[in-house]
Amino acid sequence: MEAAIYDLAAQGAQVIELKIPNLEFGLAAIYAIELASSTAYHDRSLRAGRTAHFTPDVRTLVEMGRLVSAPDYLKAEQLRTVLTEDFRQALDKVDVIVGPTTPITAWKVGEWSVKVGTKSESVLAASWRFTFPYNLTGLPAVSVPCGFDKEGLPIGLQIAGRPFDEAPVLRVAHAYERTHEWKDAMPAL
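Going by our numbering, the sequence shown opens with residue 180, and the numbers climb by one from there.
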């Protein structure tokens, strides 16, 4: 990841470290919003017993949405507004935000927890950690390949930008891909 950022700097990008205030509360907000939304959409199927097409983990998540209260949902939406403003302020200082797509590469089917650094955590939390802010705030983001881990699994570089301003995001992604062969490489199977 650091090599990818240095490569962008070598192409003329100015690298500035950013800290997004309130981001540590965002994962709880998107969980509440996504769980409640999924349950609202799928509740009729759940009540009618039409769940054969749900995998066990999906069914559990859809059922968990019933536990999200109206105040929980409202607070999550309020935090979404706060985070959107935090990102707007950060994006007043930079054209795009660049970082990893996930803190892990692909995990094994059926694996519920993974080790990130020295800590074990849920696959869902780890896999959403760097993508949820853009899903929550509606900011445009793209992931492009930027290498492989020691097991040959692909690593993603995520590029995000201002609301309704996809062009800089796509220009940076194109500039990176144009100078690297990662887009054409395949992991060893």
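Positions of the beta carbon are idealized from the N, C-alpha and C atoms, including for glycine. Computed from a predicted model, the values in this text were never measured in an experiment.
From residue i to residue j, what does the alpha carbon distance come to, in whole angstroms?
i, j, result
"V237", "V247", "16 angstroms"
"A188", "P366", "27 angstroms"
"L356", "S224", "The sequence shown places Glu at residue 356, rather than the Leu named in the question. Taking the straight line joining both Cα atoms gives about 43 angstroms."
"I334", "Y313", "19 angstroms"
"A219", "E256", "16 angstroms"
"C325", "E300", "24 angstroms"
"A352", "T234", "34 angstroms"
"F327", "R226", "44 angstroms"
"D317", "S292", "The residue asked about is misnamed: residue 317 is Gly in this sequence, not Asp. Those two C-alpha atoms are separated by around 27 angstroms."
What are the boundary residues of the alpha helix (DSSP H) that residue i is part of?
i, result
"G340", "Segment: none, G340 is in no alpha helix (DSSP H) and carries neither H nor E."
"P279", "Element bounds for P279: not the alpha helix (DSSP H) but the beta strand (DSSP E), 276-279."
"K254", "249-270"
"V348", "345-357"
Mind reading off the beta-carbon distance from residue i to residue j? Whole number of angstroms is fine, and I expect it under 8 angstroms.
i, j, result
"I276", "A339", "5 angstroms"
Specify the secondary structure class of residue i as computed by DSSP and reduced to three states.
i, result
"F204", "helix"
"K287", "coil"
"F327", "strand"
"V273", "coil"
Say yes only if the C-beta of residue i is nearer than 7 angstroms to one or more non-hydrogen atoms of the ligand SAM, and no if none qualify.
i, result
"R350", "Of ligands this structure carries none, so the ligand SAM is not represented either."
Flag residue i as yes if its beta-carbon sits less than 8 angstroms from any beta-carbon of chain B, otherwise no.
i, result
"I184", "Here there is only one protein chain, and chain B is not present."
Go to residue i, then tell me how far its beta strand (DSSP E) extends in each direction, as first and last residue.
i, result
"E300", "298-301"
Across the segment 190-201 and the segment 295-305, are there enough close Cβ pairs to call them in contact, namely three or more that are closer than 8 angstroms? no
Please confirm if the segment 196-209 is in contact with the segment 257-277, defined as three or more CB-CB distances below 8 angstroms between the two stretches. yes
Measuring CB atoms only, is the segment 218-235 touching the segment 249-259, in the sense that at least three cross pairs come out at less than 8 angstroms? no
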